[in-house]
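Engineer: Using the numbering used here, the first residue of the sequence shown is number 16, and each one after it goes up by one.
Think of the CB as a built atom: it goes at the ideal place given N, C-alpha and C, for glycine as much as any other residue.
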Amino acid sequence: MDMLPTDQLLALDRRHVWHPYAPMPNTGPVFAVRSAQGVHLELETGERLVDGMSSWWTCIHGYNHPRLNQAAQAQMGRMSHVMFGGLTHQPAVQLAQKLVQLTPEPLQQVFFCDSGSVAVEVAMKLAIQHWHNRGEPQKQHFLTIRHGYHGDTFAAMAVCDPVNGMHHLFRHSLVEQYFADAPQIPFGGVWQERDIASFAAILERHQGEIAAAIFEPVVQGAGGMRCYSPEYVRRARQLCDQYGVLLILDEIATGFGRTGKLFACEYADIGPDILCLGKALTGGFMSLAATLTTCHISETFAQGEAGVFMHGPTFMGNPLACAVALENLNILASYDWAAKISAIEAQLKQELAPCRELPAVKEVRVLGAIGVIELHEPVDMAVVQPQFVAKGVWLRPFGRLIYTMPPYIIEPDQLRQITGAIYSVVAGLSPPP
Ligand SMILES: *Cc1c(COP(=O)(O)O)cnc(C)c1O
Numbered sequence: 016m017d018m019l020p021t022d023q024l025l026a027l028d029r030r031h032v033w034h035p036y037a038p039m040p041n042t043g044p045v046f047a048v049r050s051a052q053g054v055h056l057e058l059e060t061g062e063r064l065v066d067g068m069s070s071w072w073t074c075i076h077g078y079n080h081p082r083l084n085q086a087a088q089a090q091m092g093r094m095s096h097v098m099f100g101g102l103t104h105q106p107a108v109q110l111a112q113k114l115v116q117l118t119p120e121p122l123q124q125v126f127f128c129d130s131g132s133v134a135v136e137v138a139m140k141l142a143i144q145h146w147h148n149r150g151e152p153q154k155q156h157f158l159t160i161r162h163g164y165h166g167d168t169f170a171a172m173a174v175c176d177p178v179n180g181m182h183h184l185f186r187h188s189l190v191e192q193y194f195a196d197a198p199q200i201p202f203g204g205v206w207q208e209r210d211i212a213s214f215a216a217i218l219e220r221h222q223g224e225i226a227a228a229i230f231e232p233v234v235q236g237a238g239g240m241r242c243y244s245p246e247y248v249r250r251a252r253q254l255c256d257q258y259g260v261l262l263i264l265d266e267i268a269t270g271f272g273r274t275g276k277l278f279a280c281e282y283a284d285i286g287p288d289i290l291c292l293g294k295a296l297t298g299g300f301m302s303l304a305a306t307l308t309t310c311h312i313s314e315t316f317a318q319g320e321a322g323v324f325m326h327g328p329t330f331m332g333n334p335l336a337c338a339v340a341l342e343n344l345n346i347l348a349s350y351d352w353a354a355k356i357s358a359i360e361a362q363l364k365q366e367l368a369p370c371r372e373l374p375a376v377k378e379v380r381v382l383g384a385i386g387v388i389e390l391h392e393p394v395d396m397a398v399v400q401p402q403f404v405a406k407g408v409w410l411r412p413f414g415r416l417i418y419t420m421p422p423y424i425i426e427p428d429q430l431r432q433i434t435g436a437i438y439s440v441v442a443g444l445s446p447p448p
């Protein structure tokens with residue numbers, strides 16, 4: 016591949032390439048990255064940025080990790096891909112075994128797919144087909160909670176927050192699902208049963224048509240970066256059992272240590288019937304996601320009308336992705352990640368606390384390696400993004416949120432650079448009118 020000059024690269028990018036949640040042509044600022052190493056992104060223009068985003072929460076062990084590169088190269092020497100219909104291989108089987116070991120006890124089977132959104136689609140289809148198999152074909156709806164985010168495909172989008180997700184735009188193509196009020200009691204707050212009253216009321220009323228409840232345990236990610244009481248998750252588990260509804264937990268963002276537990280549901284000491292994983296699974300190396308189920312669910316499929324689960328992606332169980340994911344989980348097991356996350360948490364708490372005094376700030380929240388500044392007003396990305404780059408850090412705010420989810424390998428002085436940049440950029444924002 017020949018390298019284009021940076022100005023030409025950016026001009027062609029503007030003309031031909033869609034970016035996530037961006038207009039076309041893209042009017043927002045875009046920076047060209049040449050390479051990435053450890054916690055740093057290196058731009059085509061020469062700047063080196065400390066990455067506070069882990070490439071959307073995936074790159075937990077840093078970029079260009081020699082062990083992940085080595086795992087990929089070794090696997091490439093054998094095969095990058097083979098079809099999964101009728102064939103199997105070491106990376107997929109060993110990764111499945113590892114995931115079953117790491118996740119809560121009743122989860123025993125793994126469905127591999129390519130992205131988090133598809134893992135959510137798979138979870139929802141599994142739930143519907145499970146009830147069909149059991150002679151309850153009317154259970155095809157879902158209960159979720161407001162401010163959630165589960166992906167951009169249609170079924171996943173239907174359980175994203177209806178306001179953030181602009182459901183009205185897709186009104187005639189989107190199935191209407193049930194939305195309980197978002198939990199209000201923060202992480203560490205004193206539990207009150209009324210926090211889950213609307214969730215319980217919907218279940219009581221519509222249990223006969225609800226296949227599953229689906230939500231992100233303890234931390235809601237892209238729908239608002241909200242941290243809430245694990246007691247909500249525990250009570251939701253009990254209510255689902257009480258009303259004969261499956262529980263799908265979406266740990267695509269929270270999984271693999273980010274919140275301080277390996278999986279956020281551990282804070283509630285419960286396990287789901289179906290679990291969605293993605294994002295950090297390959298340590299940000301490439302796309303891979305997984306949906307895990309219990310035997311209670313899988314064993315109904317043999318008797319069902321279809322006799323099989325009706326899903327099978329072309330690149331299912333991609334050996335390269337599975338080999339890298341397996342090595343990423345080996346890396347995670349090779350050091351005290353929990354101590355690292357609690358050190359990051361302590362530093363974020365200390366260094367973001369002064370932001371509370373700034374007039375533009377509504378709230379500061381920290382849990383695990385997640386630090387969030389909620390503002391009174393939406394940020395102007397065109398202004399703020401270049402300011403962060405000028406301060407040598409990479410952060411990507413959205414809406415009224417400026418947040419960091421750094422790689423676990425970040426050093427204290429590098430994290431200080433991120434929190435310092437956040438403080439000074441937020442300090443420069445005008446106060447609410
Ligand atoms: C990112 C995310 C998804 C979607 O994953 P993609 O890989 O972007 O399709 C789903 N659920 C949660 C909680 C996520 O954070």
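Might you give, ordered along the chain, the residues of its own chain that have their beta carbon closer than 6 Å to the beta carbon of Ala-283, omitting 5 neighbours on each side?
Structural biologist: Pro-245, Val-248 and Arg-249.
Engineer: Leaving out the 5 sequence neighbours to the left and right, which residues in its chain are closer than 7 Å to Leu-430 when beta-carbon positions are compared?
Structural biologist: Counting only Cβ-Cβ distances below 7 Å, and skipping sequence neighbours, we find Ile-359, Gln-362 and Pro-421.
Engineer: Under 7 Å Cβ to Cβ from Pro-40, same chain only, skipping five residues before and after it: list those, please.
Structural biologist: Answer for Pro-40: Arg-29 and Arg-30, listed in chain order.
Engineer: At which residues does the beta strand (DSSP E) containing Tyr-193 begin and terminate?
Structural biologist: That run of the beta strand (DSSP E) goes 193 to 195.
Engineer: Quick check on DSSP: helix, strand or coil for Glu-378?
Structural biologist: Strand.
Engineer: Specify, as a first and last residue, the run of the alpha helix (DSSP H) that Phe-202 falls within.
Structural biologist: Counting along the chain, Phe-202 falls outside any alpha helix (DSSP H), and DSSP gives it neither H nor E.
Engineer: Is any heavy atom of ligand 1 found at a distance shorter than 7 Å from the C-beta of Ile-267?
Structural biologist: Yes, since a heavy atom of ligand 1 falls inside the 7 Å radius drawn around the Cβ of Ile-267.
Engineer: Do you know whose CA, among Pro-201, Asp-167 and Ile-200, lies nearest Phe-185's CA?
Structural biologist: For the residues Pro-201, Asp-167 and Ile-200, the minimum Cα distance to Phe-185 belongs to Asp-167.
Engineer: Looking at the structure shown, is Phe-403 part of a helix, part of a strand, or coil, going by DSSP?
Structural biologist: Phe-403: helix per DSSP, three-state reduction.
Engineer: Going by the beta-carbon positions, is the gap between Phe-300 and Ile-75 smaller than 8 Å?
Structural biologist: Not closer than 8 Å, so no.
Engineer: Apply the 10 Å Cβ neighbour rule to Lys-154 and answer buried if 16 or more other Cβ atoms are within range, or exposed otherwise.
Structural biologist: The residue in question, Lys-154, is buried, as its Cβ has 16 or more Cβ neighbours within 10 Å.
Engineer: Would you say the beta carbon of Gly-53 is closer than 7 Å to some non-hydrogen atom of ligand 1?
Structural biologist: Answer for Gly-53: no, Cβ out of range of ligand 1.
Engineer: Which residues does DSSP pair with Thr-308 in a beta bridge?
Structural biologist: Gln-124 and Ile-289, per the DSSP bridge assignment.
Engineer: Which whole runs of the beta strand (DSSP E) in the stretch 54 to 92 are 3 residues long or more, in chain order?
Structural biologist: Listed in chain order, they are 55 to 58 and 63 to 66.
Engineer: How big is the Cα-Cα spacing for Lys-294 and Trp-206?
Structural biologist: Rounded to the nearest angstrom, the two C-alpha atoms are 30 Å apart.
Engineer: List in chain order: all unbroken beta strand (DSSP E) runs of 3+ residues lying wholly within the stretch 221 to 290.
Structural biologist: Taking only runs of at least 3 residues, the beta strand (DSSP E) segments lying wholly in the stretch 221 to 290 are 225 to 230 and 261 to 265.
Engineer: How many Å lie between Asp-395 and Glu-378 at the Cα?
Structural biologist: So the alpha carbons of these two residues sit roughly 18 Å apart.
Engineer: Just curious, the alpha helix (DSSP H) that Thr-315 is in, first and last residue?
Structural biologist: It is not in any alpha helix (DSSP H) - Thr-315 carries neither H nor E in the DSSP assignment.
Engineer: For Arg-411, which three-state DSSP category applies?
Structural biologist: In this structure, Arg-411 counts as coil in the three-state DSSP scheme.
Engineer: For Ser-213, which of helix, strand or coil comes out of DSSP?
Structural biologist: Ser-213 falls in the helix class under three-state DSSP.
Engineer: Hey, is Val-135 close to ligand 1, as in C-beta under 7 Å from one of its heavy atoms?
Structural biologist: Within the cutoff, so yes.
Engineer: Could you work out which residue in Thr-309, Phe-127 and Val-404 is closest to Ala-336 when comparing CA atoms only?
Structural biologist: The shortest Cα separation from Ala-336 among Thr-309, Phe-127 and Val-404 belongs to Phe-127.
Engineer: Hey, quick one: how far does the alpha helix (DSSP H) through Thr-434 stretch, first residue to last?
Structural biologist: Note, Thr-434: alpha helix (DSSP H), 427 to 442.
Engineer: CB of Lys-294 to nearest heavy atom of ligand 1: below 7 Å?
Structural biologist: Yes - ligand 1 has a heavy atom lying nearer than 7 Å to the Cβ of Lys-294.
Engineer: Could you give the residue range of the alpha helix (DSSP H) that holds Ala-353?
Structural biologist: Segment 352 to 367, the alpha helix (DSSP H) holding Ala-353.
Engineer: Let's test the definition: count the other Cβ atoms within 10 Å of the Cβ of Gln-90 and tell me whether it reaches 16, buried, or not, exposed.
Structural biologist: With 16 or more Cβ atoms within 10 Å of its Cβ, Gln-90 is classed as buried.
Engineer: Express the C-alpha separation of Leu-296 and Leu-344 in angstroms, rounding to a whole number.
Structural biologist: Approximately 8 Å, taken between the alpha carbons.
Engineer: Helix, strand or coil for Ala-51 per DSSP?
Structural biologist: Strand.
Engineer: Are the beta-carbon atoms belonging to Leu-254 and Phe-214 less than 8 Å from one another?
Structural biologist: A contact, by the Cβ cut-off of 8 Å.
Engineer: Going by DSSP, name the residue or residues bridged to Leu-416.
Structural biologist: Paired residue(s): Glu-389 and Phe-413.
Engineer: For Thr-269 and His-145, which I take to be in contact (beta-carbon distance under 8 Å), what is that distance rounded to the nearest angstrom?
Structural biologist: Not really, about 24 Å apart at Cβ, beyond 8 Å.
Engineer: Check whether the stretch 376 to 392 touches the stretch 407 to 426, counting contact only when three or more Cβ pairs, one atom from each stretch, lie closer than 8 Å.
Structural biologist: Flag = yes, the stretch 376 to 392 and the stretch 407 to 426 touch.
Engineer: Going by DSSP in three states, Ile-160 sits in which element: helix, strand or coil?
Structural biologist: Residue state, collapsed to three classes: strand.
Engineer: What's the gap between the Cα of Val-178 and the Cα of Pro-119?
Structural biologist: Going by the C-alpha atoms only, they are around 33 Å apart.
Engineer: So, for Gly-53: in the same chain, excluding its five sequence neighbours on each side, which residues have a beta-carbon less than 6 Å away from its beta-carbon?
Structural biologist: For Gly-53, where only same-chain residues beyond five positions count, the Cβ hits under 6 Å are Gly-77.
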